[in-house]
Each structure stands twice: as structure tokens, then as C-alpha cells.
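S.K.: Next up is a structure, given as C-alpha cells.
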């Protein structure tokens, strides 16, 4: 396989495969901000776990409530 | 403070400025890989969203364009892996017929079939180098590999493509 072979193949492909249009026809900023806002609103999974753990503690160990209130 | 430093600190205005500066470049890069306008737009949006999320990991001393291309390449490759059957890397036969009706249908199918024989890694390097004429250095940077690896992949892809096309008499 020589450089000549590669060049031949390159020419053959370029002659037969049309170039793609690389021009961006619209501004994508609105799409990016939409995606950012959508994900900003999403609560991370570990926050849900913390919330669940706190709720579990309060439900199964109600005696800790006065202790928490005292520390607050 | 420099724009890239402000971006790395998470400043939204700096991100928007960089977006405006690089959205065309990132879109063009995605387009070269996926060759589908709608998909390239979606990938561009997702790439910038990822960049925004990863701002703290960006090193302001490095090139933002190269970093952006790398993220976009990974997303485009993921897309191609997931949609291997639906998204040929080189070209849809229907697109060829529309854009270049003079080309024989047989030739178009032969090229598509020959590229279909390549693995995704080889196809990507072959498309970017042989068809899009992207310099080896840029391909290496975007794929996170060395220029020598690009040359090896290109060599293998060229050999397979030539053999495939020779077999069908192209």
C-alpha cells in the first residue's frame, strides 16, 4: 500500500461522495439555554436519597425530633 | 480576567460568548462525522451543555476549540454506535442521488458497502481524512489518540477500502 494508492482512493472518494453542507443555518443558543434550564430544575439523585433518609429517620425514630429542635 | 478563565469559573456570560464563537465550528465538526443536519444540531447543543457542566474541569491554558471538538466527537461516536444501522458514516445513497445524479447508483452502493466493512474507528478516520481532508493532527486531537495511530488506522482503512472496491471492480 503506497501513498499513490491512498491518493488514488482519496480522489475516487472525493469525486463520488458529495461534500456536506457545514453551514449552520440557525442559532442554537435557545436550545442550549432550554437544556440548561431543564437540567438546572432537576433534583440530583443523591438529594432524593438524603431526603428519603431524613424522612425515614423522623418516621422510625420520632424521639430524635426534640433533640433536633434543641440543636436548632 | 481572561474569557477562558471566566468560563472555567462558571460565568454564564463567558459561556455564551464562547458558544457564539464556536457553535459553527462544533456544528461543522459534528456534521462531518454524522452527515445529518438535524443530528449534528442536536449533538452541538448537547456538546455545549456538557461543556457548561464540565466548566470546572477545563484548563484555561488549553485550546477551547480542541476541547469542544473532543467532547463533540465523543458524543457523535456514541450516537453512531447507538444508531449503527440507521446512520451510515459516509453517505446515504439517497443523498448522493439527490446531490449528484450523474454518479452511477452502483458506484454509490459500492462505496457505501466498502465503508460498511470498516469498524467505526476506521470509518471515522477514513471519512475525516480521505473525504473531509481534515489534517491528521486535528483528527488525533479530537479522538484523543496520537498522529501515529491516526496514520495506522488510515492505512488499515485504505487497504480494506481498496480491496473491497477492487473486488467489485470499482
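Protein chains in written order, with the numbering used here: chain A, 1080 to 1151; chain B, 934 to 1103.
Glycine is no exception: its CB is placed at the ideal position from the N, C-alpha and C atoms.
1) Check distances from the C-beta atoms of the region 1035-1049 of chain B to those of chain A and list, in chain order, the residues that come in under 8 Å.
2) Check each candidate in 967/B, 977/B, 976/B, 988/B and name the one with the smallest Cα separation from residue 948/B.
3) Counting only the same chain and skipping the five closest in sequence on each side, list residues whose C-beta sits under 7 Å from that of residue 1101/B.
4) Can you pull the chain B residues whose beta carbon is under 8 Å from the beta carbon of residue 1108/A, in chain order?
5) Could you run through the region 1057-1089 of chain B and flag, in chain order, every residue whose CB is less than 7 Å away from some CB of chain A?
6) Whose Cβ in chain A lies nearer than 7 Å to the Cβ of residue 1003/B?
7) Give the straight-line distance between the Cα atoms of residue 1074/B and residue 1055/B, rounded to the nearest whole angstrom.
8) Measure the beta-carbon distance from residue 1051/B to residue 1090/B and round it to whole angstroms, keeping in mind my assumption that it falls under 8 Å.
9) Using a beta-carbon distance below 8 Å, is residue 985/B in contact with chain A?
10) Can you check whether the C-beta of residue 977/B is within less than 8 Å of a C-beta belonging to chain A?
11) Considering only C-alpha positions, which residue in the set 1072/B, 1086/B, 1063/B is nearest to residue 1087/A?
12) Decide yes or no for the touch test of the region 956-973 of chain B against the region 1137-1147 of chain A: beta carbon pairs closer than 8 Å, at least 3 of them.
13) Name the chain A residues whose beta carbon is nearer than 7 Å to that of residue 991/B?
M.R.: From the atom records:
1) Those residues of the region 1035-1049 of chain B that come within reach of chain A (Cβ to Cβ, closer than 8 Å) are 1036, 1040, 1041, 1044.
2) Looking at the Cα atoms, 988/B is the closest of the given residues.
3) Hits under 7 Å: 1043.
4) By Cβ distance, chain B contributes 949, 952, 953, 956.
5) Within the region 1057-1089 of chain B, the residues whose Cβ lies closer than 7 Å to some Cβ of chain A are 1063, 1064, 1088, listed in chain order.
6) Here the premise fails: no neighbours, minimum Cβ distance about 18 Å.
7) Approximately 16 Å between the Cα atoms of the pair.
8) About 6 Å; that satisfies the 8 Å criterion.
9) Look at residue 985/B: its C-beta is under 8 Å from a C-beta on chain A.
10) For residue 977/B, the answer is yes, since a Cβ of chain A falls inside 8 Å of its Cβ.
11) The shortest Cα separation from residue 1087/A among 1072/B, 1086/B, 1063/B belongs to 1063/B.
12) Contact between the region 956-973 of chain B and the region 1137-1147 of chain A is absent: fewer than 3 CB-CB pairs across the two stretches fall below 8 Å.
13) Residues of chain A whose Cβ lies closer than 7 Å to the Cβ of residue 991/B do not exist; the shortest such Cβ separation is about 16 Å.
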